[in-house]
Amino acid sequence: MAHSSPSRRSQHDSNIKSSPERGFTADFLSENRNSELSHRDALAAAQLEHERVRLAALRVYEVHQLQEEKQRLEAEQRRIAQLQKEEENRLKAEAAVRAEQERLRELKAKQIPQLPPEPVPEPPKPEPKKSQESQVNGTTAAKAEPAAVPPAAPKPAPLTTATTSALPAAKAPTAAPSPALAQVVATPSTQSNGFLTKPAAAPPAPKPAVQPAAPASVPAQPTVDRYTQIHQALKKLRKDVEALSKQPGNPLKGKLGEMRRQIRKSIGQLTAGKGANAQPLATINAALRESLGGQVPSPLIDASIYVQQNREPAEGAINNGPQLPALFIYLLNILSKAIIQQFSNEGGANPKSAEPVGIVTAQIFSNKDYHWRGGSMIDILIAKFRVACPVLFGSRGSDKTEGGRRAIGWKKENGNWVPEQAHNDRMTGLGAGFAAIALRDFSKASKTNPYPPTNYWKAMAQIVNSPPQLVSNTQYVVLKSMIDGHEQRFINFYGNAAVAALRMALVEFPKRAPPGATAAQALQVLGDVLRRDSGLDVA
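Per UniProt numbering, the very first residue in the sequence shown carries number 1; after that it's consecutive.
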């Protein structure tokens with residue numbers, strides 16, 4: 001009350017409780033709730049609460065930091081333990097490989113040398129004849145003695161058998177021209193494969209192994225030379241056709257470059273996956289049919305120049321004449337070159353990329369529309385392989401010499417040899433590509449295989465039968481890429497003979513590696529990988 005007496009006002013003020021004793025209701029109903037003292041009390045209480053919350057938050061943050069640090073330390077410990085475990089596994093694997101190599105060396109050192117063929121039993125047989133002839137005529141006996149000397153001539157035959165590494169593959173791949181591979185293939189195969197029982201009986205008589213070697217070595221060289229001739233003829237054809245396309249008014253003008261680009265682009269687009277290559281394959285077929293059907297006119301040329309062997313007209317063949325359009329041969333040449341480049345550029349980093357290219361290659365060259373006199377024109381592609389990767393065809397040479405590098409297909413750029421890694425990548429792609437083409441299964445197809453698996457066997461034999469002084473690192477690189485990822489199909493074709501050949505390639509052949517042939521060790525490791533992953537033990 002404004003006019004209340006002082007005594008009553010002082011009495012009312014005396015009833016106000018101090019700040020700690022006041023309750024919420026008293027503060028709210030108090031007349032001094034907006035006083036300075038009340039505000040100071042509220043501010044102090046708020047500061048205390050803020051400090052409590054801050055300290056609680058700091059404690060939670062510190063606990064969280066400790067937990068994260070603990071987790072980080074545990075993860076680091078697990079990572080270190082994993083690295084230690086991997087390193088231990090690596091050391092164990094290397095120790096196992098080393099122990100296996102030592103075991104193989106010990107076994108090799110313990111091998112008992114085989115007895116040489118006995119030429120003695122044969123000469124005694126004609127001796128009675130000589131004695132009889134000597135009784136009739138003394139001069140005949142003198143002439144008969146030199147006649148007994150020629151049977152010793154087959155002794156140099158191992159030189160021919162070492163060079164004729166091409167297996168007479170089509171019917172009996174185990175009857176290898178090389179004695180080393182013949183022994184390896186024949187021994188394990190006689191027990192479970194009746195197809196190989198005949199070669200098993202051959203070792204007691206050394207003569208049959210020597211006699212086929214001479215005729216086998218005769219066609220080997222013309223075959224290699226023929227592929228080289230085809231390659232040179234293709235180079236000349238390319239220049240002639242491109243020069244013809246530059247003439248004014250020629251139908252090839254403008255069209256030739258477009259078809260060439262379409263084929264190269266289509267080969268570069270090939271990839272794995274069912275139906276993924278339908279469009280590129282259709283583009284290639286359209287260009288080939290257009291050139292063969294005459295929609296784009298071109299001169300006719302002798303087709304026999306571009307195949308390994310001349311052919312006679314075949315009954316029912318679509319192209320039975322002696323000539324084919326020059327544009328068709330030219331486009332097959334462009335296609336083959338693009339295939340080789342795709343293998344070289346992509347197959348080295350990813351050998352599996354060669355598989356779709358090999359499938360499309362087999363589809364194109366098995367197409368009867370593109371055959372001449374009932375046979376495929378795949379010799380054009382093989383001629384490219386012969387020049388790009390000669391070791392597949394028995395060419396040998398040192399990696400360290402100029403002539404040796406030329407012999408094994410080491411490429412030059414701007415007058416200088418390409419680096420070794422680039423060369424190895426290129427050879428890896430070409431080896432994988434060759435296997436992707438040569439190991440195609442046409443058993444369920446109506447078409448004929450343009451390049452049957454016998455060529456794969458022959459190429460492998462020509463590599464593993466190389467004399468030790470002519471073995472090169474390039475051969476190991478190519479051989480590894482030929483086997484890696486293709487061993488199962490090889491076994492499907494040849495059974496126990498393939499297993500024996502793989503043993504020769506993965507176990508025996510690396511032992512003859514020259515110093516510095518790092519790829520030989522990779523070939524040995526591949527054998528361990530096959531045993532670990534697929535259970536294929538070739539040791």
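All residues carry an ideal CB built from backbone N, CA and C; glycine is no exception. All values derive from a computational prediction rather than experimental measurement.
Self-check item: Buried or exposed by the 16-neighbour rule on C-beta atoms within 10 Å, applied to L66
Solution: Flag for L66 reads exposed.
Quiz item: For the segment 507-515 against the segment 447-456, are there 3 or more C-beta pairs whose distance is under 8 Å?
Solution: Not touching, per the Cβ criterion.
Quiz item: Cβ atoms of D425 and A539: under 8 Å apart, would you say?
Solution: No, Cβ-Cβ distance for A539 and D425 is not below 8 Å.
Quiz item: Should I340 and F385 be called a contact, given that it needs their Cβ atoms to be closer than 8 Å?
Solution: Yes, Cβ-Cβ distance for I340 and F385 is below 8 Å.
Exercise. Would you kindly report the start and end of the unbroken beta strand (DSSP E) that includes L300?
Key: Membership of L300 in the beta strand (DSSP E) is indicated by the continuous run L300 to D302.
Self-check item: L523 burial status per 10 Å Cβ neighbour count (16 or more: buried)
Solution: The residue in question, L523, is buried, as its Cβ has 16 or more Cβ neighbours within 10 Å.
Exercise. Drop a sphere of 10 angstroms on the beta-carbon of D379, count the other beta-carbons inside from all chains shown, and report buried for 16 or more, exposed for fewer.
Key: With at least 16 other beta carbons inside 10 angstroms of its own, D379 counts as buried.
Quiz item: Is it a yes or a no for the segment 264-276 touching the segment 297-316, going by three-plus beta-carbon pairs under 8 Å?
Solution: In this structure the segment 264-276 does not touch the segment 297-316; the number of beta carbon pairs closer than 8 Å is below three.
Quiz item: By DSSP, does residue 544 sit in helix, in strand, or in coil?
Solution: Within the shown structure, residues of the chain are numbered from 1 to 539, placing residue 544 beyond reach of any answer.
Quiz prompt | Cutoff 6 Å; reference A326; Cβ partners in own chain excluding five residues on either side | solution = The residues are V241, S298, P299 and I301.
Quiz item: With a Cβ-Cβ cutoff of 8 Å, do F393 and P453 count as a contact?
Solution: Here F393 is not near P453, since their CB atoms are 8 Å or more apart.
Practice problem: Report the rounded CA-to-CA distance for E355 versus I80, giving the unit in angstroms. | Solution: If you take the alpha carbons of E355 and I80, they lie about 40 Å apart.
Exercise. Taking the CB atoms as reference points, tell me whether A303 and L324 lie closer together than 8 Å.
Key: In this structure, L324 lies closer than 8 Å to A303 by Cβ.
Quiz item: In chain order, what residues of the same chain lie with their CB nearer than 6 Å to the CB of G375, ignoring the 5 residues before and after it?
Solution: Answer for G375: R311, listed in chain order.
Self-check item: For G375, three-class secondary structure by DSSP
Solution: DSSP places G375 in strand when its eight states are reduced to three.
Quiz item: Counting only beta-carbon atoms, is F434 nearer than 8 Å to chain D?
Solution: The chain labelled as chain D is not found in the depicted structure, where only one protein chain is given.
Exercise. Below 8 Å on the Cβ atoms is my guess for Y476 versus A519; work out the distance and round it to an integer in Å.
Key: With a Cβ gap of about 4 Å, Y476 and A519 count as contacting.
Quiz item: Would P390 be called buried (16 or more neighbouring beta carbons within 10 Å of its own) or exposed?
Solution: Looking at its Cβ environment, which holds 16 or more other Cβ atoms inside 10 Å, P390 is buried.
Quiz item: Can you tell me whether L107 is buried or exposed, with buried defined as 16 or more other CB within 10 angstroms of its CB?
Solution: Counting Cβ neighbours within 10 Å, L107 comes out exposed, since fewer than 16 surround it.
Quiz item: Rounded to a whole number of angstroms, what is the C-alpha to C-alpha distance between E88 and Q82?
Solution: If you take the alpha carbons of E88 and Q82, they lie about 10 Å apart.
Practice problem: For H64, I'd like the list of residues in its chain whose CB is within less than 6 Å of its CB, leaving aside the five on either flank, ordered along the chain. | Solution: Within the same chain, H64 has no close Cβ partners at all.
Quiz prompt | Residue closest to K411, alpha-carbon to alpha-carbon, out of H486, D41 and H423 | solution = Of the candidates H486, D41 and H423, the one whose C-alpha sits nearest the C-alpha of K411 is H423.
Quiz item: Any idea if D225 is buried or exposed, counting beta-carbon neighbours within 10 angstroms, 16 or more meaning buried?
Solution: Burial call: exposed.
Quiz item: For Q469, which of G404, D441 and M504 has the nearest alpha-carbon?
Solution: Of the candidates G404, D441 and M504, the one whose C-alpha sits nearest the C-alpha of Q469 is G404.
Practice problem: Going by DSSP, name the residue or residues bridged to P325. | Solution: P325 is bridged by DSSP to L300.
Self-check item: Alpha carbon of A407 to alpha carbon of V387, nearest angstrom
Solution: For A407 and V387, the distance between alpha carbons rounds to 9 Å.
Quiz item: Measuring CB to CB, does G433 end up less than 8 Å from V357?
Solution: Here G433 is near V357, since their CB atoms are less than 8 Å apart.
Self-check item: Residue closest to L237, alpha-carbon to alpha-carbon, out of N333, A278, R54 and V97
Solution: Across the set N333, A278, R54 and V97, the C-alpha of N333 shows the shortest separation from the C-alpha of L237.
Practice problem: Please report the residue range of the alpha helix (DSSP H) in which E258 lies. | Solution: Run containing E258: K255 to G268, per the alpha helix (DSSP H) assignment.
Practice problem: Please list, in chain order, all residues of the same chain as L536 whose beta carbon is under 6 Å from its beta carbon, the five residues on each side excluded. | Solution: Excluding sequence neighbours, L536 sits near L530.
Exercise. Out of G516, D528, A438 and G485, point me to the one whose CA is closest to K400's CA.
Key: Measuring from the Cα of K400, the nearest candidate turns out to be G516.
Quiz item: Any idea what DSSP makes of K400, helix, strand or coil?
Solution: In the three-state reduction of the DSSP assignment, K400 falls in the coil class.
Practice problem: Under 8 Å by Cβ, that's how I've got F365 and L439 pegged, so tell me the actual separation to the nearest angstrom. | Solution: Contact between F365 and L439 does not hold, since their C-beta atoms are separated by about 15 Å, which reaches or exceeds 8 Å.
Quiz item: Relative to the C-alpha of T428, which residue among G397, V478, N473 and A109 is closest?
Solution: When only C-alpha atoms are compared, the closest one is V478.
Quiz item: Measuring CB to CB, does M504 end up less than 8 Å from M482?
Solution: The answer is no: Cβ separation not under 8 Å.
Quiz item: When DSSP builds the beta bridges, which residues end up paired with N416?
Solution: Beta-bridge annotation (DSSP): N416 is paired with E413.
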